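S.K.: Those sequence lines, one after another, are chains Y and F. First residue of the first sequence: 9, per the working numbering; consecutive thereafter. First residue of the second sequence: 9, per the working numbering; consecutive thereafter. Next up is a structure, given as structure tokens.
Number of protein chains: 2
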Amino acid sequence: MDEKEVFRIGLELVKGSRFALLSTIGDDEHPWTKMMFNIAPEGLKKIYFSTNTSSRRVSHILRNGRTSVYFFDQERFVGLLLIGTARVLQNEESRKRFWVDGFERYYRLGVNDPDYSVIEFVASKANLYYSLSKTDFPVHGDNL
Amino acid sequence: MDEKEVFRIGLELVKGSRFALLSTIGDDEHPWTKMMFNIAPEGLKKIYFSTNTSSRRVSHILRNGRTSVYFFDQERFVGLLLIGTARVLQNEESRKRFWVDGFERYYRLGVNDPDYSVIEFVASKANLYYSLSKTDFPVHGDNL
């Protein structure tokens with residue numbers, strides 16, 4: 009499969025996924041995985057999540073930004089693993105940009121709730137599993 | 009929620025899951041996650057997977073057994089993270105015990121295919137996400 013096709017399949021998966029699995033490295037040096045809402049991906053390069061500032065994920069990322077984000081489709085047996093680095097954003101612009109109606113359920117004080125943070129994940133490389141075959145490929149900023 | 013109830017909900021999720029997400033630590037020290045068949049769990053304590061001996065997961069585990077296994081139900085918003093240690097089994101007894109009809113698709117030489125290995129994951133602790141609340145609890149061998 010050529011890189012363009014791999015990228016197309018990966019992008020389709022990311023765009024069609026309501027959820028993504030974010031994995032961080034815990035204080036115990038084990039990988040910790042959690043299902044998160046896939047709120048506003050920018051191609052395969054940047055994936056955004058909202059989370060509680062008090063959450064384990066935030067403390068993991070502040071300690072170690074090495075992370076991955078996994079998308080998959082159980083029916084079609086497609087999986088895309090993005091490997092990259094995450095950081096925690098708490099500025100007003102990011103909070104507003106990634107706010108989604110209904111988030112009051114999780115952040116009672118709304119967009120300015122101090123317990124509301126945005127996680128920005130930036131991918132550097134990827135692995136696509138499709139039709140029983142695996143393909144590694146780099147993720148550049150320009151192939152959004 | 010008391011520990012017994014947490015355990016019951018976790019066990020129901022594990023038993024009802026065709027898939028589980030196995031996360032390993034890569035050579036790059038990033039977490040790597042992959043969807044795997046959940047073939048024959050023993051309570052919450054031991055989770056088994058079949059995999060290609062030549063796979064990345066096997067090389068990760070041989071280097072570092074620190075792993076996690078994640079189960080979730082997107083519809084019900086339930087997630088169970090098991091944190092523990094994995095090892096690779098290649099003995100005949102394990103190969104036979106965890107062989108599933110149809111695995112010839114992945115291991116062409118059958119149960120004795122050198123590219124067929126079993127991953128045994130043993131949980132030490134867990135985190136259940138249920139009804140918007142999180143509960144940490146230990147996983148003992150006797151609360152299967």
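By construction, the Cβ of each residue, glycine as well, lies at the ideal position given by its N, Cα and C atoms. Quick caveat, the model's predicted, so the values are computed rather than measured.
1. Helix, strand or coil for G18/F, going by three-state DSSP, please let me know.
2. Would you mind sorting V119/Y into buried or exposed? The rule is 16 or more other CB atoms within 10 Å of its CB.
3. Sorted by chain position, which residues of the same chain lie with C-beta nearer than 6 Å to R103/Y's C-beta, five sequence neighbours on each side aside?
4. For L29/F, which residues in chain Y fall below 8 Å Cβ to Cβ?
5. Quick check on the DSSP output: the alpha helix (DSSP H) that includes L70/F runs from which residue to which?
6. Verify whether the separation of the beta carbon atoms of T59/Y and M44/Y is less than 9 Å.
7. Determine which residues of the segment 112 to 140 of chain Y have a Cβ less than 7 Å from any Cβ of chain F, and write them out in chain order.
8. From N72/F, L89/F, K53/F, F57/F, pick the residue whose C-alpha is nearest to that of D35/F; which is it?
9. Output, in sequence order along the chain, the residues in the segment 54 to 84 of chain F whose CB is closer than 7 Å to any CB in chain Y.
10. Using the DSSP secondary-structure output, state which residues sit across from Y124/Y in a beta bridge.
11. Measuring alpha carbon to alpha carbon, tell me which of D144/Y, V130/Y, L140/Y ends up nearest Y56/Y.
12. Can the beta-carbon of T93/Y be found closer than 9 Å to that of R74/Y?
13. At least one CB of chain Y closer than 9 Å to the CB of H38/F: is that the case?
14. Closer than 7 Å by beta-carbon distance: list the chain Y residues that pair up with G51/F, in chain order.
15. Rank L90/Y, S125/Y, S31/Y by C-alpha distance to the C-alpha of E101/Y and give the top, closest one.
16. Could you please give the first and the last residue of the uninterrupted alpha helix (DSSP H) stretch that includes S102/F?
17. What separation, rounded to the nearest whole angstrom, lies between the Cα atoms of N46/F and F27/F?
18. Provide the residue span of the beta strand (DSSP E) that contains G87/Y, from first to last.
19. Quick check: L30/F and G51/F, are their CB atoms within less than 9 Å of each other?
20. With H, G and I counted as helix, E and B as strand and the rest as coil, what does DSSP make of K53/F?
21. Using a Cβ-Cβ cutoff of 7 Å, what residues of the segment 89 to 101 of chain F are near chain Y? List them in chain order.
22. Using 10 angstroms around the beta-carbon of N135/F, count the other beta-carbons present and answer buried if the total reaches 16, otherwise exposed.
M.R.: With the structure as the only source:
1. helix
2. exposed
3. V119
4. L29, T41, Y78
5. 64 to 71
6. yes
7. Under the 7 Å Cβ criterion, the segment 112 to 140 of chain Y contributes no residue.
8. N72/F
9. R74, T75, S76, Y78, F80, Q82
10. Note: Y124/Y sits in a beta bridge opposite N60/Y.
11. V130/Y
12. yes
13. yes
14. Going along chain Y, no residue has its Cβ under 7 Å from G51/F, so there is no contact; the nearest lies around 20 Å.
15. S125/Y
16. Counting along the chain, the alpha helix (DSSP H) containing S102/F begins and ends at 100 to 105.
17. 5 Å
18. 86 to 97
19. no
20. coil
21. Listed in sequence order: L89, I91.
22. buried
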